[in-house]
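**Q** Pasting a structure here, questions to come.
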Amino acid sequence: MAKKIAIFDSTLRDGAQAEKISYSVEDKWKIVRAMDELGISYIEAGNPGSNPKDLEFFHQVKGNELKCAKLTAFGSTRRRGMQVEDDSNIQSLLFANTPVVAIFGKSWDLHVKNVINTSLEENLKMIKETVMFFKKEGKEVIFDAEHFFDGFKSDPEYAFETLQAAVDSGTDWLVLCETNGGAFPNEVYEITKKVVRQFSTPVGIHCHNDGGMAVANSIMAVKAGATQVQGTFIGLGERCGNANLSTIIPNLQLKKGYVCIRKNQMIRLTSTARYVAEVSNVALNTRLPYVGKSAFAHKGGMHVDGVMKDPRSYEHIKPEEVGNERRFLMSEVSGRSTILKKIQKISPELQKNSKEMQLIMDHLKKLEHKGYQFEAAECSFELMVRKLLGKYKPFFQLENFTIIDEQPMQNGGISSSAIIKVNVDGKHEITVAEGDGPVNALDRSLRKALEVFYPELKEVHLTDFKVRVLNPEAATAAKVRVLIESTDGKDIWTTVGVSTDIIEASCIALVDSIEYKLTKNIEKKFKASM
Ligand SMILES: [Zn+2]
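Mind the numbering: the sequence shown is residues 52 to 581 in our numbering, read in order.
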């Protein structure tokens, strides 16, 4: 029978400690629900002792049932030289009222002596009494042995005593933390193996990525017998981040036969990673294994040719298995057959030598001559093809717009306004919106006008905006290419516009972005009705 691995997500604690990351109570809820839907076993939702926002969250959670995940509060062993009951952090942890608590304690003598400045014996007592306290309160206790691997290298006997202290008090789990992130996979394997041999309590692993090996280290710990893996879903965490669960889960489940999440949930992996990035307000690394936008993108001519003949030639798994998709990038090297493949997504009956194909190729050449490049803006390409093939229904017309640039206020506030007039089936709508710069104002104003007719546009917003000057030697007449990346929280799409005027180029890309979203929505509705 396949071995079950408990997955423990700490995006809301380790992830929240990453540079530039901050979660509101609402954001936390969104991530908890997404993790629960996916079938994650434990969700660590914060440290109620150190953060009042976390405590507030736990209060709201009370009474809200999760489908499969157990909510976990995180905190330290009691402070030195006091009774467990008198420690306010311990009280907050209890007050959080979660079924599971993760208690971290020191396993490295260096930390005991130089950081918390206490004796080795007192540290063992702190572990013992804290674990015992929460066991008496009826909690499932996860003991996180902080810096366990460094501790083992420094004084193996003492590192084991810290685990023994937790075991003696009835801990449910021993989690070995690779806190400084500098260990190697073979070390993690060997040390974990020793722990698994010594203790009958289930063992978990918690790795940081400072040496770029957090995923490899976690997997080696599982090979050594660990049955719980801690990490953050898209790898967010202090310094270089934590072990990335969106990589570990498919590695273990699809390649090694372990069970981490429910089988039918694996296809949600990519959309969940994008959603977590969205809520965290970061751009998901496009090169992330399994879930990145480029994870199954082929560009080199021979690669494209190979994948078309047999996808296994350049793909380690089927992208659909994790809910991602195969992409063929357009470039001079991959040529006509790549473009045909893309066009066939819209018009499957079209062949290499048909006259429509020629029409598209001619038009493409013209646009490329103007400075368009569709490699990074496939959605604009798709719209162009739909329009040429008569497979596009116009949703609106942008009749005109005016941008008013204002002098920035002393406080650096709003700097531009855009007035826009759109026509939808003969009905006119005029709106004005302010923005941080002309493009932002234009985007807001355009969507505000169109939301009246298409409320689904409320979900859409820009995530990236890139400008490239194409012929800088032409000085003021230089052309610019604007790339705009948009999202509705589920999908991400990129569109392009080219002009000698940056506002006009942006406007072309913005209009494409909205047209693309509306076209996709109609397609989805159509599919759902079939
Ligand atoms: Zn950590």
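We treat Cβ as the ideally placed atom computed from N, Cα and C, and that holds for glycine.
Alpha carbon to alpha carbon, what distance is there between Phe155 and His198?
**A** Rounded to whole angstroms, His198 to Phe155 spans 10 angstroms at the Cα level.
**Q** Which stretch, first to last residue, makes up the alpha helix (DSSP H) that contains Ile299?
**A** Looking at the DSSP string, the run of the alpha helix (DSSP H) that includes Ile299 is 296 to 301.
**Q** Grouping DSSP H, G and I as helix and E and B as strand, with all else coil, what is Cys558?
**A** Note: Cys558 maps to helix in three-state DSSP.
**Q** Going by other Cβ atoms of all chains shown within 10 Å of its Cβ, with 16 needed for buried, is Ile256 buried or exposed?
**A** When all chains shown are included, Ile256 counts as buried.
**Q** For ligand 1, is there a heavy atom less than 7 angstroms away from the beta-carbon of Thr62?
**A** Incorrect: Thr62 has no Cβ contact closer than 7 angstroms to ligand 1.
**Q** Tell me whether Leu534 is buried or exposed, calling it buried when 16 or more other Cβ atoms sit within 10 Å of its Cβ.
**A** Answer is buried; the Cβ neighbour count reaches 16.
**Q** May I ask which residues mark the beginning and end of the alpha helix (DSSP H) holding Phe59?
**A** Element bounds for Phe59: not the alpha helix (DSSP H) but the beta strand (DSSP E), 57 to 60.
**Q** Rounded to whole angstroms, what's the CA-CA distance from Val384 to Thr514? Just pull it up for me.
**A** Its pLDDT being 49, under 50, Val384 is placed unreliably by the model, and nothing is read from it.
**Q** In the DSSP output, what is Val520 paired with across the bridge?
**A** DSSP lists Val531 as partners of Val520.
**Q** Could you say if the region 124 to 138 and the region 173 to 185 meet the contact criterion of at least three C-beta pairs nearer than 8 angstroms?
**A** Touching, per the Cβ criterion.
**Q** Would Ala196 and Leu225 be called neighbours here (beta carbons separated by less than 8 angstroms)?
**A** Closer than 8 angstroms, so yes.
**Q** If we count Cβ pairs, one from each stretch, closer than 8 angstroms, do we get three or more for the region 359 to 371 versus the region 115 to 129?
**A** Because the criterion of three Cβ pairs below 8 angstroms is not met, the region 359 to 371 and the region 115 to 129 do not touch.
**Q** When you compare only the Cα positions, how much space is there between Asn474 and Glu376?
**A** C-alpha separation (whole angstroms): 35 angstroms.
**Q** Helix, strand or coil: how does DSSP classify Gln279 here?
**A** Strand.
**Q** Measuring CB to CB, does Asp60 end up less than 8 angstroms from Phe203?
**A** Taking 8 angstroms as the Cβ cut-off, Asp60 and Phe203 do not qualify as a contacting pair.
**Q** Counting only runs that start and end within the region 347 to 410, where is the alpha helix (DSSP H) found for 4 or more residues in a row?
**A** If we require 4 residues or more, the alpha helix (DSSP H) runs fully inside the region 347 to 410 come out as 352 to 360, 386 to 397.
**Q** Between the region 294 to 308 and the region 67 to 78, can you find at least three pairs of beta-carbon atoms closer than 8 angstroms?
**A** Touching, no, given that fewer than three Cβ pairs across the two stretches are closer than 8 angstroms.
**Q** Within its chain, find whatever has a CB closer than 6 angstroms to the CB of Ser550; leave out the 5 residues flanking it on each side and keep chain order.
**A** Correct list, in chain order: Ala556.
**Q** Measure how close the beta-carbons of Arg64 and Glu95 come, nearest whole angstrom, since I'm counting them as under 8 angstroms.
**A** So it is a contact: roughly 5 angstroms between Cβ atoms.
**Q** What number of angstroms, rounded off, separates the C-alpha of Lys369 from the C-alpha of Lys417?
**A** Distance between the alpha carbons of Lys369 and Lys417 is about 36 angstroms.
**Q** Which same chain residues end up closer than 6 angstroms to Asp539 when comparing Cβ atoms and leaving out the 5 residues on each side of it in sequence?
**A** Taken in chain order, the residues that qualify are Glu510, Val511.
**Q** Contact defined as beta carbons within less than 8 angstroms: I believe Phe200 pairs with Ile141. What is the distance between those atoms, to the nearest angstrom?
**A** Wrong, their Cβ atoms sit about 27 angstroms apart, outside the cutoff.
**Q** Would you call the region 395 to 402 in contact with the region 501 to 508, where contact means no fewer than 3 C-beta pairs closer than 8 angstroms?
**A** Cβ pair count under 8 angstroms is below three, so no.
**Q** Which residues does DSSP list as the beta-bridge partners of Ser537?
**A** In DSSP, Ser537 forms a bridge with Leu513, Trp544.
**Q** Using the C-alpha atoms, what's the distance from Lys541 back to Glu329?
**A** C-alpha separation (whole angstroms): 9 angstroms.
**Q** Nearest to Ile470 by alpha carbon, out of Lys478, Gly477, Ile455?
**A** Comparing Cα-Cα distances from Ile470 to each of Lys478, Gly477, Ile455, the minimum goes to Ile455.
**Q** Confirm the yes/no value for this check: CB of Asn268, any heavy atom of ligand 1, distance under 7 angstroms.
**A** Asn268 Cβ: outside cutoff for every heavy atom of ligand 1.
**Q** Rounded C-beta distance between Ile91 and Ala67? I'm assuming under 8 angstroms.
**A** Incorrect: roughly 17 angstroms between the Cβ atoms, too far for contact.
**Q** Tell me whether Asp261 counts as near ligand 3, meaning its Cβ is closer than 7 angstroms to at least one heavy atom of that ligand.
**A** Ligand 3 is absent from the structure shown, which contains only ligand 1.
**Q** Please state the DSSP three-state secondary structure of Lys71.
**A** In the structure shown, Lys71 sits in coil (DSSP, three-state: anything other than H, G, I, E or B).
**Q** Once the 5 residues before and after Gly276 are set aside, which same chain residues still bring their CB inside 7 angstroms of it?
**A** So the list reads Thr243, Lys244, Val247, Val254, once near-sequence residues are dropped.
**Q** Within the same chain, show all residues whose beta-carbon is closer than 7 angstroms to that of Asn522, passing over the 5 residues directly before and after it, in chain order.
**A** Excluding positions up to five away in sequence, the list reads Ala529, Lys530.
**Q** What did DSSP end up calling Ser92 once you bin it into helix, strand or coil?
**A** Coil, per DSSP.
**Q** Measuring CB to CB, does Ser564 end up less than 8 angstroms from Ser537?
**A** Contact flag set, yes.
**Q** Nearer than 7 angstroms: is that true of the beta carbon of Thr123 relative to any heavy atom of ligand 1?
**A** No, the beta carbon of Thr123 sits no closer than 7 angstroms to any heavy atom of ligand 1.
**Q** Can you give me the C-alpha to C-alpha distance between Ser205 and Thr230, rounded to a whole angstrom?
**A** Going by the C-alpha atoms only, they are around 14 angstroms apart.
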